[in-house]
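Asks: Below is one structure. I have some questions about it.
Protein chains: 2
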Amino acid sequence: MASKKAVVRKMLDAVRAAGRTSLTAPEGKAVCDAYAIPVPQEGLAKTAAEAAKLATKIGYPVVLKIVSPQILHKTEAGGVMVGVKNPADVKKGFAQIMARARKYDRKAELVGVQVQQMVGGGQEVIIGAVSDPSFGKLVAFGLGGVLVEVMKDVTFRLAPASKEDALSMLDGIAAAEMLKGVRGSEPVNRAALSTMIRNVSQLVADFPEIAEMDLNPVFASKKGAIAADVRIVCDWNPPAPRYRPKHDDIVRDMNRIMKPDAVAVIGASDEAGKIGNSVMKNLINGGYKGKIYPINPGAGTIMGLPAYKSVKDVPGTIDVAVFAIPAKFVAQALTEVGEKKIPGAVLIPSGFAETGNVAGQEEIQAVGRKYGVRLMGPNIYGFYYTWKNLCATFCTAYDVKGHAALSSQSGGIGMAIIGFSRSAKMGVSAIVGLGNKSDIDEDDLLTFFEQDDNTHIIVQHCEDLKDGRSFAEVAKRVSKKKPVVVLKAGRTAMGARAASSHTGALAGNDRIYDDVLRQSGVIRAKALREMLEYARAIPKLPTPKGENVVIITGAGGSGVLLSDACVDNGLKLMAMPPDLDAAFRKFIPPFGAAGNPVDITGGEPPKTYQNTIRLGLEDERIHSLILGYWHTIVTPPMVFAKLVVEVVDEFRARGIHKPVVVSLAGDVEVEEAAEYLFDHGIPAYPYSTEMPVMVLGAKYRWARGAGLV
Amino acid sequence: MASKKAVVRKMLDAVRAAGRTSLTAPEGKAVCDAYAIPVPQEGLAKTAAEAAKLATKIGYPVVLKIVSPQILHKTEAGGVMVGVKNPADVKKGFAQIMARARKYDRKAELVGVQVQQMVGGGQEVIIGAVSDPSFGKLVAFGLGGVLVEVMKDVTFRLAPASKEDALSMLDGIAAAEMLKGVRGSEPVNRAALSTMIRNVSQLVADFPEIAEMDLNPVFASKKGAIAADVRIVCDWNPPAPRYRPKHDDIVRDMNRIMKPDAVAVIGASDEAGKIGNSVMKNLINGGYKGKIYPINPGAGTIMGLPAYKSVKDVPGTIDVAVFAIPAKFVAQALTEVGEKKIPGAVLIPSGFAETGNVAGQEEIQAVGRKYGVRLMGPNIYGFYYTWKNLCATFCTAYDVKGHAALSSQSGGIGMAIIGFSRSAKMGVSAIVGLGNKSDIDEDDLLTFFEQDDNTHIIVQHCEDLKDGRSFAEVAKRVSKKKPVVVLKAGRTAMGARAASSHTGALAGNDRIYDDVLRQSGVIRAKALREMLEYARAIPKLPTPKGENVVIITGAGGSGVLLSDACVDNGLKLMAMPPDLDAAFRKFIPPFGAAGNPVDITGGEPPKTYQNTIRLGLEDERIHSLILGYWHTIVTPPMVFAKLVVEVVDEFRARGIHKPVVVSLAGDVEVEEAAEYLFDHGIPAYPYSTEMPVMVLGAKYRWARGAGLV
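Line order of the protein sequences matches chains A and B.
Remember, our numbering sits 159 above the position in the first sequence when you count from 1.
Remember, our numbering sits 159 above the position in the second sequence when you count from 1.
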C-alpha cells in the first residue's frame, strides 16, 4: 500500500514542480499502473529491432507512434500506424514512421517510436472521478458514447467505493442490460470492471489533489477491462474538509439543546408582536416544565419571570439560548453565551448570509467555534420538541406528540409542516428550522434523532447539504435503524438557480444527490406534499417481511390503478400460487377475479372483505396488503373501516404485523372512514389510488436499504 | 397514385396466391420502390461483364452475392463480397463467387450474381409499422441498436402520418439529439427521413393486409435515408373496422339520451333497496322536470306515478330508457325499447361480458344495432346530467352544477368522482358510467360534450379504448375547443394484466397510447387524484397567451420547490428582463431576490404581495403567475387570499385574464384561504408546491396541443 502511494506521490510532486495541473499520458499510465488500473502496455523503441522485441512482448496487434517533443500532431506527420500484426511489419513500420517524421520536420528531435498494445472491442464504458463541493470525491460510471453524452446515463458513488458500491454501479445505469450481453454480444467481466472502478475511487480518495480523472473509453469485455485513454487533472489547493465535532460531543450537546432543562431567551419581551415576546409566550403557554430565563437589558420581570441583563448573570446552568435580537447584537450576546458555557444558541434573527452579510455570519461562526457553542440558524423560526412541551419559536405553538421528527431549511416550508401536522393530526417529536446552517446541519439532527427514543422517523427538507459526505455517512448508519426521508429542493436546473438566489448555497448535480442519497438508505421525496405524507404514513406501517404484495379490491377499476401504482413505486405484485388462489376464490363470487389483484367485486357484504383480508394477513407468503374499497349500501364506508381495523387488530394481537394501506372510492363518507383507519394505524386515502401505494413503496425502499426485506 | 397501388396490389395478390404471409426481399424491394421508400439498388448479373456494367450504373462500392435456389447460406458458401470498388474487381469477384459456389455445391443451379448498392454510415434508425387492436395501423420510429432494444426509445403515430406527424417523430424520441448531429457527426436529412416515415405509413394505411413492416436498419445521413433491410408480413384476414354511426346521428341521439325530456325506468319499483327504486328516487328527488315513466309488469302506480307494463304502452315519446332489471330480461325489454323507437338504453345491469357472459352481451348489441338503440353499459351506475337535474343512477344523487363532464369505465372510480366532486365542491355538467362499453364509448361522449355548452372540460377514465382510432380522430378535433383529460388505467405491465382480468379488454402497448393521446391533444393523467384535480382546476384557469411563467413568493423555500415543479411540468420560467426586474425590486426589500422566482421575503405586509402581483398581471410579457404564500402575522392567510382575489378581479374587469395558481405554506388557516381562492376561480393548494404547478402545467399542455399558446 505504502509503495503504490509513494509512486503516485512522487509523480504528482513532479507534475506540481513542473508547474502543470494535467498529467501527461506516460505519467497517467504510471499512476494507473501503481493502482492496478489496466491501461494499454507500451514502451519506447529507439531502433526497429527494439520495436519488434517490445511488440512481441506486449502481444499483437500493436500501435506505433512517433515520439518527438516537436511533433504534436502525430497523425498529420504520418507518425501513427495502427493494427501492426507481426515483427516484420513492426520493423518496416518503425522505418517508415521515422522517415515520414524526418520529412515532416527536418529539425525535429526524433526520440523514437512508442509501441503500444492495441485495444478495442467489447463494450465501451467510461469511468471517471469528480470533486463535488458538498460530497468531495466521487467515482462515476456510464456507457460510452451516446448513452452518456445524449442520454446522460451515468451513476455516481462516494470515493472510495466498496466492492458492493462498485458492483452496484454496473446495475445503476438505465442501460445496465448492455453489460449483461445483448444482441449476441458477450457479458462483460463484472469483477474486472468493478475492481477498476474501486481502484480509481481509491486513487482519488488517497490523493485529494486529483480533482478530475477520466478513463474514456474503457473497453470492457468478457476477458477484462482496459482504459484506452487516461486523463488526470489536479487542483493543488483542494478544499479542506469541513470541521466536524466528534460524534459523542454532538450527541451530548444536541441532547442538551433539543431537550433542555433550562432555556434563556435573549431579547425576551413583554411587548406583544415582538419576536422575544412570542418566544416567551410559546415557552410558557406550551407547558414547558424547565427553567426559563428572560434576558433583557432592562432586566426586571418579563411575563412574570425574573429577567437578567445577560446570561452571565443567571445563577444556574443554561442548556440553550434562544436569540430574539437584531443581527447586529448577536455576536456580542453569543460571546456571553460562550462565556456562560451554554452549549447551544438558537439564532432566530435574519440579516446574515441570506441578505449578503457573509462577514456577519462568519463572525458568529468564529465565536461559536471559539467557545464551543453549537449554532442553530441563523434566519430560522426556531424549533419544537414536543415531548418536553418545548416551543422555542416565534411561530404558532404545536403540541401533538408523536414520533416524526421534521426539519426544514426554509421557514415557509416549516410553516407548511406545522399546518399539515395539525390538519392531519400528525404527531411529531420535533420540528426544527435550520435556515442558513452556519453550524448545526442535517447530520447533527440525524445524530441526535438516531438516539432519541421519541423519534421513529426523520424527515428533512433541504436546499443543499453543506457537508454531503458527513451526511451520507451518518444517514447510512441511521437509516439502518430509522427511516430517513429527504426532500432535496433545487432538483432541477431551474430549481437549483432559485436555490442559489435564496440561500447562496451551491446546489449540486442532482444525479449525484440522487445516487448518494439512495446509497445512504435515504427515502427521497420529490415534492412537499409527498414528504409530508411520508412523515405521516411511514411510521404507521410495520416493516414488511418480504416483497410479496397483494391487492384486495371491491372495485376492479381501482385494482387496475393500484397495480399501475405498484409498478410506479417498485412494488412486486405476488404471483398467486394456485392453492392460495383457490382459497381466495372460496370467498368471492364466481365472476370475481382471483389472481392478483383479488377482485371481490363491488356488491359484496362486509363478510367478503373480512374473509379475504383475514386470509391475506394469515398466509405467510403474503407480506403486504393494499385494499381497494368501493362504497356501496351493502358495505358502507364506516362499516368497512371498522371491520378492517378489527381484523388487523386481531392479527396484531397475535403478533402478526403486516403493512396494510387502503384506497377508498366513494362518496364523502369515505373521508371519515379514511381518518378512522389512519387513526388506527392504517394509512388510508380517499379518492386516490396513488397515495396509499406511494407510502407503501417508500416503506419498502427504506426496508430494502436497511437490509430488512 | 393508382399505379403505385396497383403495383403493390398485384405483388400482394401473388404472395397470397403462393400461400405465403411474408414477402421475399425482391418483393419487399418492389413494394418499397412503388411507394418511393429508398432501398439499395440492385440487379442480377449473369456474366462478369453484366455485373460490371450494373455496378457502374448503381455506383461504387457494391456488394456481390451468389443467387442460387440451392444455396441458402451464402456467406458459408463464400458467395458474398462486400465493398467492391471498381469494374475490374467486380469482374474478378463475379468469377471468384461463381467458382466458390460451384465448389460448395456441385449440383446447385447458379442463377448468377446479385449486384447491390452498398449502404452504411450515418445514423442507424428503425422505421416500422404495426397493427394495434385498438388503433389499427401505426408507424414506429426509433434509433437503431441499443436505444430501441435496451432503452425502448421508440415513438408511434397513427398511419397514415401527416408531414407534421412524421417530423414530430424525429423529436419524439429521448435520443432526438442524435439526429441533429452530436460528437462531430452530421445532422440527418430530416426531410428525407420524415418522407420515408410518411411513405411507410401511407403504404400500410392503403393495404390493411400488411400487418407488420420493418425497415431495419435504415441508414440516415445528411444526404438521405435508405433502408438496408425490408421485412413485410401480411395478415390476409385483417380485422374489419368497428362500426361507427355517423357524426350527426351520434349528436342527435346523444342529445336525446343525455338531455332527455322523457325517461322510462324499466324495473321501476316502490321497494326500498331495489335498484329500480333508487333510480326512481334519484330522478324524482333530484328535481328532474321531464316526464318519468315507471315500467313494471305489475303496472299500477310507482312512487305516485302511473306505471306501464312495457315502454310500448307509454303514450308519449321517450328519449331514454334506464334498465334496472336482471341481465336475463334485458334483451326482451331492449327489443320493446327498439320497437318504441327510443334512441338510448342505459344498461345498469351487470352479468354480461364482465362475468364471462359474452354471448349475452353480443345478443343485446345485436338488438341495439337492429333497432338503432344506442347502449350505455351494461354494468354501469348510470349517469348524471346536472343541468337537467337528472340523476339516472342508483348511486347517491349529485346536483352541483358546473362545467366538468366526467366519465369512468369502472363503477368504483365513478363513486370516487362523485365523492371528490362533492367534497371539493366541484361543479359538474355530467358524470357517466361506461362499464362494458358494448356500444356508447368515449368518443360518443366526446362528440356530445363537444357541442354541449354546459361542458367546458371533458375528463375520462378508461381501461381500454375499443376504437382508439375513432377516439383519436374525435379527440383531436374536440381538444382544439375544450380540454380533454384521460386517465388510461393499465399503463404498466402489471396494471394491464389487472385490466384484462377486470374487463376482458386487451390493454394496448402503453407507449402507443401515450403517443397517440398526446398527438390527439389529450392531457393524460397518470393517477386518479391527478385526474380529479385536473377536472377541478383546469376549467378555472384562463388560457395562457404565452409561455412566460413568473413565480412570486413570500417563502424562498417554496420558490425553489415551485421551480422544480415547473421543470417537472414542462413550464418555462421567464428570463426576467432588466427593466421588469428593476420594477419588481422597487416593491421588495433590498435583501429579497428579484429574478424569477421573485422572492419578496417572508415578513412582508399585504401591500408587497399586492404590488408584485399587480405588476405580474399588468406586464404583457408575463403570461402566468405562480404565487407562493408564507403564513405570517403581518399578512395572515385570509388577508392574503382576499387581496389576491381583489387584484385578480380588478384585472378581470379590465379584460386581463391570466392563469394564477397558488401554493400556501402555513398553519391550518391556509386551508380556508385555499378554499376561498378556489371559490373565486384561483386554484390554490395548502401544504403543496407540486399541485398548483401540476394543474397549470396541464393547462399549458392542452393550450399547446390546441395551438393556442
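Cβ coordinates follow ideal geometry from the N, Cα and C atoms, glycine included.
Please read these numbers as outputs of a predicted model, since none were measured by experiment.
1) Tell whether a beta-carbon distance below 8 angstroms holds between residue 557 of chain B and residue 577 of chain B.
2) According to the neighbour-count rule (16 or more other Cβ atoms, all chains shown, within 10 Å of its Cβ), is residue 407 of chain B buried or exposed?
3) Just the C-alpha distance for residue 214 of chain B and residue 309 of chain A, rounded to the nearest angstrom, thanks.
4) Is it a yes or a no for the segment 799-815 of chain B touching the segment 720-731 of chain B, going by three-plus beta-carbon pairs under 8 angstroms?
5) Counting only C-beta atoms, is residue 846 of chain A closer than 8 angstroms to chain B at any point?
6) Listing by chain order, which chain B residues have their CB less than 7 angstroms from the CB of residue 829 of chain A?
7) Express the C-alpha separation of residue 776 of chain B and residue 736 of chain B in angstroms, rounding to a whole number.
8) Determine the chain E residues that contact residue 551 of chain A at a beta-carbon separation under 8 angstroms, and present them in chain order.
9) What residues from chain B crowd round residue 337 of chain A, counting only those whose CB sits closer than 7 angstroms?
10) Is any beta-carbon of chain B found at less than 8 angstroms from that of residue 891 of chain A?
11) Within 8 angstroms, do at least three Cβ pairs link the segment 626-640 of chain A to the segment 602-614 of chain A?
12) For the beta strand (DSSP E) holding residue 799 of chain A, just list the boundary residues, first then last.
13) Can you give the Cα-Cα distance for residue 667 of chain B and residue 754 of chain B, rounded to whole angstroms?
14) Do you know offhand how far residue 276 of chain A's Cα is from residue 202 of chain A's?
15) Could you work out which residues of chain B lie near residue 568 of chain A, taking near to mean beta carbons separated by less than 7 angstroms?
16) Touching or not, the segment 504-517 of chain B and the segment 534-542 of chain B, by the rule of three or more beta carbon pairs under 8 angstroms?
17) When you compare the segment 423-440 of chain B with the segment 391-401 of chain B, are there three or more beta-carbon pairs, one atom per stretch, that lie closer than 8 angstroms?
18) Which runs of the alpha helix (DSSP H) at least 4 residues long sit entirely within the segment 328-395 of chain A? Give them in chain order.
19) At which residues does the alpha helix (DSSP H) containing residue 774 of chain A begin and terminate?
20) Starting from residue 524 of chain A, follow the alpha helix (DSSP H) in both directions and report where the run begins and ends.
21) Could you tell me the boundaries of the alpha helix (DSSP H) in which residue 255 of chain B lies?
22) Tell me the rounded alpha-carbon separation between residue 628 of chain A and residue 401 of chain A.
23) Let me make sure I understand the geometry here. Which of A:493, A:570, A:531 has the alpha-carbon closest to that of residue 519 of chain A?
24) Counting only C-beta atoms, is residue 439 of chain B closer than 8 angstroms to chain A at any point?
25) Mind checking who residue 271 of chain B pairs with in its DSSP beta bridge?
26) According to DSSP, which residues form a beta bridge with residue 592 of chain B?
27) For residue 473 of chain B, which of helix, strand or coil comes out of DSSP?
28) What are the residues that DSSP puts in a beta bridge with residue 181 of chain B?
29) May I ask which residues mark the beginning and end of the alpha helix (DSSP H) holding residue 707 of chain A?
30) Quick check: the Cα distance between residue 260 of chain B and residue 185 of chain B, rounded to an integer number of angstroms?
31) Terminal residues of the continuous beta strand (DSSP E) containing residue 201 of chain B?
32) As a quick exercise: from A:566, A:616, A:856, pick the residue whose alpha carbon is nearest that of residue 725 of chain A.
33) Just the Cα atoms here: how many angstroms apart are residue 640 of chain A and residue 593 of chain B?
34) Would you mind telling me which residues of chain B sit closer than 8 angstroms to residue 691 of chain A, beta carbon to beta carbon, in chain order?
35) Identify, in the order they occur along the chain, each residue of the same chain with its Cβ nearer than 7 angstroms to the Cβ of residue 718 of chain B, setting aside the five sequence neighbours on each side.
36) Apply the 10 Å Cβ neighbour rule to residue 555 of chain B and answer buried if 16 or more other Cβ atoms are within range, or exposed otherwise.
Replies: Quick answer:
1) yes
2) exposed
3) 39 angstroms
4) no
5) yes
6) 578
7) 16 angstroms
8) Among the protein chains in the structure shown, which are A and B, there is no chain E.
9) 305, 309
10) Nothing in the structure corresponds to residue 891 of chain A, since chain A is present only between 160 and 868.
11) yes
12) Unbroken run through residue 799 of chain A is the alpha helix (DSSP H), 796-812; no beta strand (DSSP E).
13) Low per-residue confidence applies at residue 667 of chain B: pLDDT is 45, beneath 50, and the placement is therefore not dependable, though the value from the model is reported in the following sentence. Rounded to the nearest angstrom, the two C-alpha atoms are 45 angstroms apart.
14) 9 angstroms
15) 716
16) yes
17) no
18) 349-365
19) 765-777
20) 517-530
21) 246-263
22) 10 angstroms
23) A:493
24) no
25) B:226
26) B:567
27) coil
28) B:392
29) Counting along the chain, residue 707 of chain A falls outside any alpha helix (DSSP H), though it belongs to the beta strand (DSSP E) covering 707-712.
30) 21 angstroms
31) 201-204
32) A:856
33) 49 angstroms
34) 846
35) 710, 712, 756, 758, 787
36) buried
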